[in-house]
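Engineer: The structure follows.
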DNA sequence: TTGTACGCGTTATCAA
DNA sequence: TTGATAACGCGTACAA
């Protein structure tokens with residue numbers, strides 16, 4: 508931040524007061540057209556750039572929203588970010604991007620930074636390590652609008668935008684059941700993260716509905732990445748042959764990719780020996796061998812919706828809380844063996 | 508931005524001056540340990556959050572760097588962003604993220620916004636539509652550090668971090684030549700963008716070096732996305748059979764994916780009928796059918812290096828300009844037909 | 001239509 | 001060790 512032209516500089520050059528300059532530059536009434544023109548011209552000439560910092564201080568408004576993202580590597584987040592950006596841009600808001608790297612403490616610091624920067628609102632997807640509930644509550648208490656997206660925290664008085672994780676997991680599990688799979692395993696996400704829990708619930712409810720036995724040995728915690736999926740799948744494949752699953756529901760696509768790798772390494776065929784389905788519709792899902800049956804999440808729409816919800820809260824100063832569900836759909840490809848080829 | 512606790516509030520509660528509070532909270536000397544403790548305690552109690560806006564105004568420093576990214580959909584950028592974020596975080600800087608969406612005007616607005624927000628520096632990858640040279644020059648003139656990454660603009664007094672695009676394009680083209688391909692086409696990026704031009708130069712130089720005829724019909728502009736690659740490949744395949752290429756160098760992986768789609772649609776086999784190579788090493792490259800021979804770009808390293816260069820300029824107030832090249836490597840997979848299976 | 005005084009929340013400077 | 005004052009750049013409120 509070097510020396511910059513200020514309204515005062517422009518005022519001096521034209522021998523008028525800084526207020527007139529301010530009025531002219533902000534299209535306020537009370538300035539003669541001639542004066543306004545002269546002011547705008549010299550502003551351009553001098554390369555004036557308004558100081559948004561000073562503006563924010565007096566207006567108590569930054570036109571900035573803070574984002575907390577747990578993991579940039581997941582395709583879901585850049586895509587959601589794109590949705591957030593599009594909506595914010597339309598509304599004249601800008602983004603401060605922070606990254607928790609799935610770390611509790613780093614997330615906590617990120618939130619405090621955003622508060623210090625006086626963002627007008629926060630969009631957050633909580634870290635895999637589980638949430639800083641108290642931190643979130645402080646934000647809510649302080650009257651700073653906050654909207655959770657994808658990985659949510661309920662019951663603290665904040666809005667939430669996510670897909671129907673339980674329903675979608677149930678859908679994909681039922682799809683497997685309907686195609687005669689009997690021993691269906693689940694590579695589950697962390698207990699403390701909403702989507703991990705809900706997808707697990709969906710899986711379980713599908714089993715119950717069809718009177719399939721729930722077997723705790725067939726549920727392995729995997730985290731959200733491919734390495735976790737690889738490790739978890741290894742555990743399942745280390746079971747005695749008779750106890751091995753004939754199908755696997757992975758908590759997300761990266762996890763499914765890890766599971767596919769593990770399966771192939773042992774010379775097993777997908778879907779002939781074992782079916783695998785994912786959740787996300789990562790760009791790789793359609794071109795991996797075999798193409799992955801999965802749930803299409805519409806990350807862009809989730810981002811857009813979350814941003815809209817946040818901006819509504821900000822601009823209408825409403826604190827109406829909403830729990831918004833974005834539609835998801837089953838995408839059937841070869842990895843589940845249901846296409847008949 | 509609601510009512511927030513200020514240093515003044517803390518000062519009043521303790522019946523001291525706000526300066527003492529400021530000193531205590533910023534670990535400055537000149538406060539008795541006892542006083543410091545009391546101040547920190549009441550700050551916590553009251554839920555004090557420093558107002559970085561006010562701080563920035565007086566310190567003329569925001570600890571924020573602005574990013575301009577042309578297209579979130581390219582895998583390269585989230586990955587570079589991750590590198591940028593990691594380095595910035597270490598240095599205590601935060602990111603304002605803007606998105607030009609490959610649009611000239613939107614890029615221009617983004618830059619002006621970042622100036623208004625008084626970022627301490629800018630990292631930019633220019634839009635496909637070509638650069639706002641004057642805008643960049645104004646930034647440089649204003650003394651605001653700016654570093655280009657990946658898609659650069661040279662000769663305006665700004666640093667640049669990119670891979671050796673020309674060398675890498677030459678490498679991959681030579682690889683094809685060495686494996687007896689004779690009619691090698693190029694799906695090229697836009698004229699006005701550095702990487703488009705340099706990769707084209709690399710392609711051309713490889714041909715020259717091996718005395719292969721350069722044929723302008725075999726060079727088609729494609730843009731940077733898969734649709735552009737698809738369209739461009741269609742043009743090549745519409746040529747009379749004898750004029751068709753036997754190999755194609757795509758300007759990047761998304762473009763190569765489009766070309767692969769076009770080729771498959773016509774029932775042609777890759778690499779038997781036509782070889783295709785890309786540039787990026789997108790996550791899909793390794794799992795598409797056939798796996799794509801490409802250049803691995805190390806986007807994360809590019810982001811990291813660019814951020815480091817920018818922070819050096821900011822913190823050392825040096826305006827030494829550097830043109831930094833990040834290594835890239837050839838990744839040979841099946842799509843070029845050189846693996847012998 | 002234009003200008004003056006003051007405040008936003010913080011820190012630097014100088015005095016006590 | 002502590003405090004009073006001014007300043008950062010701008011906009012609000014009121015006066016001329």
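Chains as they are written, first to last, in this note's numbering: chain A, 508 to 848; chain B, 508 to 848. Note that CB positions come from ideal geometry on N, CA and C, so glycine has one too. This one's a predicted model, so the numbers in the text were calculated from it and none came from an experiment.
Just checking: is the beta-carbon of residue 533 of chain A within a distance shorter than 9 Å of some beta-carbon in chain B?
Structural biologist: Against the first chain, residue 533 of chain A aligns to sequence position 26. Output row for residue 533 of chain A: interface = no.
Engineer: Does the distance from the C-beta atom of residue 781 of chain B to that of residue 751 of chain B stay below 9 Å?
Structural biologist: The sequence position of residue 781 of chain B within the second chain is 274, counting from 1. The sequence position of residue 751 of chain B within the second chain is 244, counting from 1. Yes.
Engineer: Can a CB atom of chain B be found closer than 9 Å to the CB of residue 584 of chain A?
Structural biologist: One-based indexing of the first chain puts residue 584 of chain A at position 77. Answer yes: the Cβ-Cβ gap between residue 584 of chain A and chain B drops below 9 Å somewhere.
Engineer: Just tell me which of B:786, B:812, B:793 has its CA closest to the CA of residue 803 of chain B.
Structural biologist: As a first step, residue 803 of chain B is located in the second chain; it is residue number 296 there, counting from the start. Closest option to residue 803 of chain B, judged by alpha-carbon separation, among B:786, B:812, B:793: B:786.
Engineer: Could you check the C-alpha separation between residue 517 of chain A and residue 530 of chain A for me, to the nearest Å?
Structural biologist: Walking along the first chain from the start, residue 517 of chain A turns up at place 10. Walking along the first chain from the start, residue 530 of chain A turns up at place 23. In a straight line, the C-alpha of residue 517 of chain A is about 12 Å away from that of residue 530 of chain A.
Engineer: Going straight from the alpha carbon of residue 749 of chain B to that of residue 832 of chain B, what length do you get?
Structural biologist: The residue labelled residue 749 of chain B in the question sits at position 242 within the second chain. The residue labelled residue 832 of chain B in the question sits at position 325 within the second chain. Approximately 40 Å, taken between the alpha carbons.
Engineer: CB residue 668 of chain B to CB residue 654 of chain B, shorter than 9 Å?
Structural biologist: What you label residue 668 of chain B is simply residue 161 of the second chain in a count that begins at 1. What you label residue 654 of chain B is simply residue 147 of the second chain in a count that begins at 1. Against a cut-off of 9 Å, the Cβ pair of residue 654 of chain B and residue 668 of chain B comes out as a contact.
Engineer: What residues in its chain sit with their C-beta under 6 Å from that of residue 712 of chain B, if we drop five residues either side in the sequence?
Structural biologist: Residue 712 of chain B sits at position 205 when you count from the first residue of the second chain. Only 677 meet the Cβ criterion.
Engineer: Among residues of its own chain, excluding the 5 on either side of residue 553 of chain B, which ones have a beta-carbon nearer than 7 Å to its beta-carbon?
Structural biologist: Position 46 of the second chain, counting from 1, holds the residue named residue 553 of chain B. Contacts found: 512, 516, 517.
Engineer: Give a yes or no on whether the minimum CB-CB distance between residue 808 of chain A and chain B is below 9 Å.
Structural biologist: The sequence position of residue 808 of chain A within the first chain is 301, counting from 1. Taking Cβ atoms only, chain B never reaches closer than 9 Å to residue 808 of chain A, which makes this a no.
Engineer: Please list the partners that residue 579 of chain B has in chain A, where partner means a Cβ-to-Cβ separation under 8 Å.
Structural biologist: Taking the first residue of the second chain as position 1, residue 579 of chain B is located at position 72. Correct list: 585, 586, 588, 589, 592.
Engineer: Please work out which residues of its chain come closer than 8 Å, Cβ to Cβ, to residue 721 of chain A, disregarding the five sequence neighbours upstream and downstream, and give them in chain order.
Structural biologist: Locating residue 721 of chain A in the first chain gives position 214, counting from the first residue. Only 711, 714, 715 meet the Cβ criterion.
Engineer: Does residue 777 of chain A get closer than 9 Å to chain B when you measure Cβ to Cβ?
Structural biologist: As a first step, residue 777 of chain A must be located in the first chain, where it is residue number 270. Cβ-Cβ to chain B under 9 Å: no for residue 777 of chain A.
Engineer: Of all Cβ atoms in chain A, is any one closer than 9 Å to the Cβ of residue 525 of chain B?
Structural biologist: As a first step, residue 525 of chain B must be located in the second chain, where it is residue number 18. Answer no: the Cβ-Cβ gap between residue 525 of chain B and chain A never drops below 9 Å.
Engineer: Quick check on residue 805 of chain A - is its C-beta less than 9 Å from some C-beta in chain B?
Structural biologist: Locating residue 805 of chain A in the first chain gives position 298, where the first residue counts as 1. Closer than 9 Å: no.
Engineer: Could you check how far apart the C-beta atoms of residue 740 of chain A and residue 769 of chain A are, in whole angstroms? I think they sit under 8 Å.
Structural biologist: If you number the first chain from 1, residue 740 of chain A lands on position 233. If you number the first chain from 1, residue 769 of chain A lands on position 262. About 4 Å separates the two Cβ atoms, so the contact holds.
Engineer: Quick check on DSSP: helix, strand or coil for residue 843 of chain B?
Structural biologist: The count along the second chain starts at 1 and reaches residue 843 of chain B at position 336. Helix at residue 843 of chain B.
Engineer: Rounded to the nearest angstrom, what separates residue 508 of chain A and residue 631 of chain B at their Cα positions?
Structural biologist: Residue mapping note: residue 508 of chain A aligns to position 1 of the first chain, counting from 1. Residue mapping note: residue 631 of chain B aligns to position 124 of the second chain, counting from 1. For residue 508 of chain A, the pLDDT reaches just 49, beneath the cut-off of 50, and the residue's location in the model is therefore unreliable, although a value from the coordinates is still provided. Each residue's Cα considered, the two are about 18 Å apart.
Engineer: Does any residue of chain B bring its CB to less than 9 Å from the CB of residue 606 of chain A?
Structural biologist: Residue 606 of chain A sits at position 99 when you count from the first residue of the first chain. Interface residue, yes.
Engineer: Count the other CB atoms, across all protein chains shown, that sit within 10 Å of the CB of residue 724 of chain A; report buried if there are 16 or more and exposed otherwise.
Structural biologist: The residue you call residue 724 of chain A lines up with position 217 of the first chain. When all chains shown are included, residue 724 of chain A counts as exposed.
Engineer: If we ignore side chains and look at the alpha-carbon of each, how far apart do residue 707 of chain B and residue 584 of chain B end up?
Structural biologist: Residue 707 of chain B sits at position 200 when you count from the first residue of the second chain. Residue 584 of chain B sits at position 77 when you count from the first residue of the second chain. Looking at the two C-alpha atoms, the distance is approximately 21 Å.
Engineer: Curious, which full-length alpha helix (DSSP H) runs of at least 4 residues does the segment 726-774 of chain A contain?
Structural biologist: 733-744, 760-772
Engineer: Assuming residue 573 of chain A and residue 547 of chain A form a contact by the criterion Cβ under 8 Å, report the distance between their Cβ atoms to the nearest whole angstrom.
Structural biologist: Looking up residue 573 of chain A in the first chain gives position 66. Looking up residue 547 of chain A in the first chain gives position 40. Not a contact, Cβ separation roughly 33 Å.
Engineer: Would you say residue 796 of chain A faces chain B, with C-beta separation under 9 Å as the test?
Structural biologist: Here residue 796 of chain A is taken as the residue at index 289 of the first chain, counted from 1. Yes, because at least one Cβ of chain B sits closer than 9 Å to the Cβ of residue 796 of chain A.
Engineer: Could you tell me whether any Cβ in chain B is nearer than 9 Å to the Cβ of residue 561 of chain A?
Structural biologist: Stepping through the first chain from its first residue, residue 561 of chain A is reached at position 54. Taking Cβ atoms only, chain B reaches closer than 9 Å to residue 561 of chain A, which makes this a yes.
Engineer: Is the shortest distance between the beta-carbon of residue 694 of chain B and the beta-carbons of chain A less than 9 Å?
Structural biologist: For this step, residue 694 of chain B is matched to residue 187 along the second chain. No, residue 694 of chain B does not count as interfacial toward chain A.
Engineer: Should residue 784 of chain A and residue 842 of chain A be called a contact, given that it needs their Cβ atoms to be closer than 9 Å?
Structural biologist: Here residue 784 of chain A corresponds to residue number 277 of the first chain, with the count starting at 1. Here residue 842 of chain A corresponds to residue number 335 of the first chain, with the count starting at 1. Their beta carbons are under 9 Å apart, which means residue 784 of chain A touches residue 842 of chain A by this criterion.
Engineer: Just the Cα atoms here: how many angstroms apart are residue 762 of chain B and residue 774 of chain A?
Structural biologist: Residue 762 of chain B sits at position 255 when you count from the first residue of the second chain. Residue 774 of chain A sits at position 267 when you count from the first residue of the first chain. Straight-line Cα distance between these residues: approximately 33 Å.
Engineer: What does residue 603 of chain B touch in chain A if you count any residue whose Cβ is under 9 Å from its own?
Structural biologist: Translated into positions along the second chain, residue 603 of chain B becomes position 96. Chain order gives the chain A residues near residue 603 of chain B as 571, 601, 602, 603, 604, where near means a beta carbon separation below 9 Å.
Engineer: What does the alpha-carbon distance come out to for the pair residue 651 of chain B and residue 778 of chain A?
Structural biologist: For the purposes of this step, residue 651 of chain B is taken as the residue at position 144 of the second chain. For the purposes of this step, residue 778 of chain A is taken as the residue at position 271 of the first chain. Their Cα atoms are separated by approximately 57 Å.
Engineer: How many Å lie between residue 808 of chain A and residue 685 of chain A at the Cα?
Structural biologist: Counting from one through the first chain, the residue named residue 808 of chain A turns up at place 301. Counting from one through the first chain, the residue named residue 685 of chain A turns up at place 178. Residue 808 of chain A and residue 685 of chain A: Cα-Cα distance of roughly 30 Å.
Engineer: Cα-Cα, which of A:648, A:564, A:663 is closest to residue 625 of chain A?
Structural biologist: Mapped onto the first chain, residue 625 of chain A falls at position 118. Nearest C-alpha to residue 625 of chain A: A:564.
Engineer: State the beta-bridge partners of residue 458 of chain B as determined by DSSP.
Structural biologist: Residue 458 of chain B lies beyond the residue range present for chain B, which begins at 508 and ends at 848; the question has no answer from this structure.
Engineer: Is there a C-beta anywhere in chain B that falls below 9 Å from the one on residue 508 of chain A?
Structural biologist: If you number the first chain from 1, residue 508 of chain A lands on position 1. Residue confidence for residue 508 of chain A is low, a pLDDT of 49 falling below 50, so the modelled location carries little weight; the figure read from the coordinates is stated next. Judged by the 9 Å Cβ criterion, residue 508 of chain A is in contact with chain B.
Engineer: Compare the beta carbon distance of residue 616 of chain A and residue 811 of chain A with 9 Å and say whether it is the shorter of the two.
Structural biologist: The residue given as residue 616 of chain A occupies position 109 in the first chain. The residue given as residue 811 of chain A occupies position 304 in the first chain. No, Cβ-Cβ distance for residue 616 of chain A and residue 811 of chain A is not below 9 Å.
Engineer: Going along the segment 738-758 of chain B in order, which residues come within less than 9 Å of chain A, judged by CB to CB distance?
Structural biologist: none
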